[in-house]
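Take a look at the structure set out below.
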Amino acid sequence: MGKAKLLPRRFYAEAPDVVARGLLGKVLARRLDGEWLTGRIVETEAYFGKDDPAAHAYVGKTERNAVLFGPPGHVYVYFIYGMHWCLNVSCEPDGTPGGVLIRAMEPLEGLETMARLRGTANRKLLAAGPGRLCQALGITRKGQNGIDVTDRGSDVQIWDDRTKPGRIMTTPRIGIKKAVDRPHRYLIAGSGYVSG
DNA sequence: GGAGCGATGTCCT
DNA sequence: GGACATCGCTCCG
2 MGKAKLLPRR FYAEAPDVVA RGLLGKVLAR RLDGEWLTGR IVETEAYFGK DDPAAHAYVG
62 KTERNAVLFG PPGHVYVYFI YGMHWCLNVS CEPDGTPGGV LIRAMEPLEG LETMARLRGT
122 ANRKLLAAGP GRLCQALGIT RKGQNGIDVT DRGSDVQIWD DRTKPGRIMT TPRIGIKKAV
182 DRPHRYLIAG SGYVSG
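Laid out in structure tokens, this is it:
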């Protein structure tokens, strides 16, 4: 990735909406069996703590959501609807809960492996949606929960390759039943790789 | 192409 | 026991 830079921890030590916006256009990299699978992040959602009934952290710290309360820049993976995994990155300073759900990416490298894991070769459907993205990258709670994305030795990292995202759109979050009116979903307008 | 719905495991009440 | 930050299939038009 040429002049790309690994995003530093301070990037994540901000409010979830700031980090969610900032992650658009960045490159998500996942090392699976020695191969790097990468994609450009095109859709994210911000989840706060107290005051955000839709957030997992809202109920307080539990064994499941503990990563959200820890230091910024760590992977939080949870299981939903009996069959899907979802990838988040913790933000806010250590002790303050918050996270960003990574909902979709434009696949860049490792397309064949992603297609095999997903069971489809349709590039637009490889990682359009949080469940699909995790399936394409082989991400599970047991395997990746708690990983530090700012460590060069990690199997999940996020890079800035200096590509400017296009126009950023803001909408309400998807699939939730509480706080449905808050505009905390961010996406790159016109991208063919977003969900919904 | 869009609405409806079943699948299915884990966590918290 | 019920809710759940989803997905892909069916059925209808």
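Per the numbering used here, the first sequence starts with residue 2, numbered consecutively.
Heads up, the beta-carbon is just placed ideally off N, CA and C, and yes, glycines get one too.
My output table needs one value for TYR77: the three-state DSSP class, helix, strand or coil. strand
Going by DSSP, what residue range makes up the alpha helix (DSSP H) through PRO108? Run containing PRO108: none in the alpha helix (DSSP H); it sits in the beta strand (DSSP E), 100 to 110.
What are the boundary residues of the beta strand (DSSP E) that includes TYR48? 36 to 48
Applying the 10 Å Cβ sphere with the 16-neighbour rule, what's the burial state of THR151? buried
With distances taken between CB atoms, is the gap from VAL43 to LEU25 smaller than 8 Å? yes
From HIS185 to ARG11, what distance separates their C-alpha atoms? 21 Å
Starting from ALA18, trace the beta strand (DSSP E) both ways and give me its first and last residue. Correcting the residue identity first, residue 18 is Asp in this sequence and not Ala. Counting along the chain, ASP18 falls outside any beta strand (DSSP E), though it belongs to the alpha helix (DSSP H) covering 17 to 24.
Per-residue burial, ASP34 [other beta carbons within 10 Å of its own, 16 or more giving buried]: exposed
Under a Cβ-count criterion, where at least 16 other Cβ atoms within 10 Å of its own Cβ denotes burial, should ARG163 be classed as buried or exposed? exposed
Measure how close the beta-carbons of GLU46 and ARG104 come, nearest whole angstrom, since I'm counting them as under 8 Å. 6 Å
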